[in-house]
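Enquirer:
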Amino acid sequence: MKVVIKIGGSILAPKEFDFVFAKKLAGKLKEWSRKHEIAIVIGGGKLSREFGEI
Numbered sequence: 018m019k020v021v022i023k024i025g026g027s028i029l030a031p032k033e034f035d036f037v038f039a040k041k042l043a044g045k046l047k048e049w050s051r052k053h054e055i056a057i058v059i060g061g062g063k064l065s066r067e068f069g070e071i
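Under this note's numbering, the first residue of the sequence shown carries the number 18, and numbering increases by one thereafter.
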């Protein structure tokens, strides 16, 4: 199955970046990718702009 998942910055960083959640999400995506083709679309909001400055 082909799956598209959109991940917005607010899910990863409601107030500040949640590394624990991001690691869990990455693990799930890796698990799902064994059985499915996955495309990930990331948002371009506040979190993206902040990391773009680094």
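Here a beta-carbon is modelled for each residue, glycine too, at the ideal position from N, C-alpha and C.
1) Report yes if the CB atom of residue 54 is closer than 9 Å to the CB atom of residue 32, and no otherwise.
2) So, with DSSP's three-state summary, where would you put residue 39?
3) At the level of alpha carbons, what is the spacing between residue 25 and residue 44?
4) Suppose you measure from the CA of residue 51 to the CA of residue 63; what does that come to, to the nearest Å?
5) Span of the beta strand (DSSP E) holding residue 33?
Expert: Looking at the atomic coordinates:
1) What you label residue 54 is simply residue 37 of the sequence shown in a count that begins at 1. What you label residue 32 is simply residue 15 of the sequence shown in a count that begins at 1. At the C-beta level, residue 54 and residue 32 stay beyond 9 Å of one another.
2) The count along the sequence shown starts at 1 and reaches residue 39 at position 22. Helix.
3) For the purposes of this step, residue 25 is identified with residue 8 of the sequence shown, where counting begins at 1. For the purposes of this step, residue 44 is identified with residue 27 of the sequence shown, where counting begins at 1. Spanning the two alpha carbons is a distance of roughly 17 Å.
4) Translated into the one-based positions of the sequence shown, residue 51 becomes position 34. Translated into the one-based positions of the sequence shown, residue 63 becomes position 46. If I take the Cα positions, the gap works out to 31 Å.
5) What you label residue 33 is simply residue 16 of the sequence shown in a count that begins at 1. Where residue 33 is concerned, there is no enclosing beta strand (DSSP E), given that its DSSP letter is neither H nor E.
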